[in-house]
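Notes follow the structure.
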Amino acid sequence: MRLTATGLGHRFGEQPFLFRGLDLDLRSGRTYAVTGPSGSGKTTLLSILAGWVAPAEGEVDRGEAGTVGWVFQNPHGVHQRSALDHVVLPFLARGATRSDAEARAAVLLDDFGLAHRAETSFSALSGGEAQRLLLARGLAAAPALLLVDEPTAQLDRATSATVNDALGAAAGRDSIVVVATHDVGTRDACTDHIDMARFAVAPPS
Ligand SMILES: Nc1ncnc2c1ncn2[C@@H]1O[C@H](COP(=O)(O)OP(=O)(O)OP(=O)(O)O)[C@@H](O)[C@H]1O
Ligand SMILES: [Mg+2]
1 MRLTATGLGH
11 RFGEQPFLFR
21 GLDLDLRSGR
31 TYAVTGPSGS
41 GKTTLLSILA
51 GWVAPAEGEV
61 DRGEAGTVGW
71 VFQNPHGVHQ
81 RSALDHVVLP
91 FLARGATRSD
101 AEARAAVLLD
111 DFGLAHRAET
121 SFSALSGGEA
131 QRLLLARGLA
141 AAPALLLVDE
151 PTAQLDRATS
161 ATVNDALGAA
171 AGRDSIVVVA
181 THDVGTRDAC
191 TDHIDMARFA
201 VAPPS
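This is the structure in structure tokens:
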């Protein structure tokens, strides 16, 4: 899967442009960090890539339209369900048998440093574990495009590092992964970098 954008720019209503002139060529198997100051339009760009917000200017070409997944800043899971169940379900939804789904989910949990938490209920996971689990779940669904907004914003440095390691493990799969972040460690864990500051438009004085 490939997603391209040309001349992308956005503003809300008559407000000043947040960014202009953004060209993108995103490929599956790669992970893209979107950085820039608060308010520079990172989350807005994710919404445009998802097709939820129409850009004020420019084009987005999704090719053969694929599915879109989101991993939000505050991890939401099903409290009583085990970590393993959270990752098994997307494989089942894609048509895997239960034994196949469990085997593939176990591999993914291991990649994300959660093998020892497989049978733990979601409500008993730490913040970093829950965030890693939801990344694993997002990848298990194998969306064409996986959007991740500020995955380490709520986490301390050591816990963030484990999430960043997990993002490193997200590359090389079938999805294009785009991660909005303020965290230098997250940026460095991604294969590519989109710096919104380069596309900022100074408001007229
Ligand atoms: N639906 C909307 N209507 C009007 N303005 C909006 C809307 N959504 C976002 N904005 C404004 O657009 C600007 C960019 O918002 P956005 O959430 O994309 O920034 P961000 O780079 O993700 O910031 P942060 O790092 O704080 O998450 C902000 O000034 C925000 O207030
Ligand atoms: Mg944001």
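Under my numbering, the residue at position 87 of the sequence shown is numbered 87, and the numbers go up by one with no gaps.
Note that the Cβ used here is the ideal one computed from N, Cα and C, for glycine as well.
Identify, in the order they occur along the chain, each residue of the same chain with its Cβ nearer than 6 Å to the Cβ of residue i, setting aside the five sequence neighbours on each side.
i      : result
GLU145 : According to the sequence provided, residue 145 is Leu. The question's Glu does not apply to it. Hits under 6 Å: VAL68, ILE176.
VAL53  : SER47
TRP70  : LEU147
GLY63  : ARG2
ALA101 : VAL88, PHE91, LEU92
Measuring straight from C-alpha to C-alpha, what distance separates residue i and residue j?
i      : j      : result
ALA141 : LEU46  : 18 Å
ARG104 : ALA50  : 27 Å
PHE112 : CYS190 : 15 Å
THR44  : GLY138 : 20 Å
GLN73  : ASP165 : 17 Å
HIS79  : HIS86  : 10 Å
PRO143 : PHE91  : 12 Å
ARG132 : ALA5   : 29 Å
THR181 : GLY29  : 19 Å
SER109 : GLY36  : Position check: residue 109 holds Leu in this sequence, whereas Ser was assumed. Cα to Cα, LEU109 sits roughly 31 Å from GLY36.
Whole-angstrom Cβ separation of residue i and residue j, contact assumed at under 8 Å?
i     : j      : result
GLU59 : LEU84  : Contact doesn't hold; Cβ gap of about 41 Å is too wide.
LEU8  : LEU22  : 4 Å
THR31 : LEU167 : 6 Å
So, for residue i: in the same chain, excluding its five sequence neighbours on each side, which residues have a beta-carbon less than 7 Å away from its beta-carbon?
i      : result
LEU18  : HIS10, ARG11, SER40, GLY41, THR44
ARG117 : ALA83, LEU125, GLU129
SER160 : THR152, ASP183, GLY185
ALA200 : PHE19, SER40
ASP174 : SER28, ALA142
Report the start-end ranges of each alpha helix (DSSP H) in the region 93 to 162 that is 4 residues or longer and not cut off at the edges. 98 to 111, 127 to 140
Which residue spans inside the region 3 to 67 form an unbroken beta strand (DSSP E) run of at least 3? 19 to 27, 31 to 35, 57 to 61
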